[in-house]
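Structure, as structure tokens:
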Amino acid sequence: TLSLWIIHHRKHSALIVRVWHRELKRAKTSRKLTFLYLANDVIQNSKRKGPEFTRDFEMVLVDACSHVAREADEGCKKHMERLLNIWQERGVYRPDFIQQLKLAIEDSNSPKRKHSGKRLERTEELIKALQDLENAASGDAAVRQKIASLPQEVQDVSLLEKITDKEAADKLSKTEYKQKLARVTQVRKELKSHIQSLPDLSLLPN
1 TLSLWIIHHR
11 KHSALIVRVW
21 HRELKRAKTS
31 RKLTFLYLAN
41 DVIQNSKRKG
51 PEFTRDFEMV
61 LVDACSHVAR
71 EADEGCKKHM
81 ERLLNIWQER
91 GVYRPDFIQQ
101 LKLAIEDSNS
111 PKRKHSGKRL
121 ERTEELIKAL
131 QDLENAASGD
141 AAVRQKIASL
151 PQEVQDVSLL
161 EKITDKEAAD
171 KLSKTEYKQK
181 LARVTQVRKE
191 LKSHIQSLPD
201 LSLLPN
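In structure tokens, the structure reads:
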């Protein structure tokens, strides 16, 4: 199944969740609930193998639920609320996060957001916190990116002897980059193909 395929590629969890989020927003209204069911399968069945998908889906679920709820009918919203209740009962996510998801669904019923003053204040606090992180040495995105992109030979001391000069290091970096790009491209292509085959719930009998 698609959920098992996704779990198998959990080392690409961040990329997979980004593609899932993007395709969810592009999907027809009748298929959007299927995307949430897919996320549920992946989140619950991957917990034993690691926290990657639980963590990465948490980053987009509030926006995803809000988006689906804005276009959903009351029947679909009831299914969404039932899903959140299951997550709460099973401790899939923290109670406060479940409450955020429920508010995202409720707020979709009216054009005006509730508690806009408090939310604006929280947003400003979040922006300030992010700015503080960006100014910290450990929050330097360029530094983090360079560290993450280092080839295995640089990270593994026992393999450093493979690098004999600058030309060898450049060649190694290019080869490593091409291999990573090919793997990511293949995963993206396979995931998009799987997602396009998700069922259309409007075709199912009531």
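Note that full-length UniProt numbering has the sequence shown beginning at 1, numbered continuously upward. Every residue, glycine too, gets a C-beta built ideally from N, C-alpha and C.
Where the alpha helix (DSSP H) containing Trp79 begins and where it ends
Residue identity differs from the one stated: residue 79 is His in this sequence, not Trp. Its alpha helix (DSSP H) spans residues Glu74 to Arg90.
Three-state class that DSSP yields for His8 in the structure shown:
Here His8 sits in helix by DSSP.
Where do the ends of the alpha helix (DSSP H) carrying Ser30 lie?
If you look at Ser30, you'll find it in the alpha helix (DSSP H) that goes Thr29 to Ser46.
For a test of the three-state rule: what should DSSP assign to Val68, helix, strand or coil?
Shown here, Val68 sits in a helix according to DSSP, grouped into three states.
Through-space distance from Ser46 to Ala104, alpha-carbon basis:
25 angstroms
Report yes if the CB atom of Leu24 is closer than 7 angstroms to the CB atom of His79, and no otherwise.
Contact check for Leu24 against His79 fails: the beta carbons are separated by 7 angstroms or more.
Are Asp41 and Ser13 closer than 7 angstroms when you measure CB to CB?
no
On the CB-based measure, 16 or more other CB atoms within 10 Å of its CB, does Trp20 come out buried or exposed?
buried
Whose C-beta lies closer than 7 angstroms to the C-beta of Trp87 among residues of the same chain, with five residues either side of it excluded?
Tyr93 and Ile98
First and last residue of the alpha helix (DSSP H) that includes Ser108?
Per DSSP, Ser108 belongs to no alpha helix (DSSP H) and is neither H nor E.
Among Arg18, Gly50, Pro51 and Tyr37, whose alpha-carbon lies nearest the alpha-carbon of Leu83?
Taking only the C-alpha atoms, the option nearest Leu83 is Tyr37.
Report the three-state DSSP secondary structure of Val60 (helix, strand or coil).
coil
Tell me where the alpha helix (DSSP H) around Arg94 begins and ends.
No alpha helix (DSSP H) contains Arg94, which DSSP labels as neither H nor E.
Based on Cα-Cα distance, which residue from Gln179, Glu106 and Ile6 lies nearest to Phe35?
Ile6
Please say whether Ala69 and Lys77 have beta carbons closer to each other than 7 angstroms?
A contact, by the Cβ cut-off of 7 angstroms.
Do you know how far the Cα of Glu52 is from the Cα of Lys11?
8 angstroms
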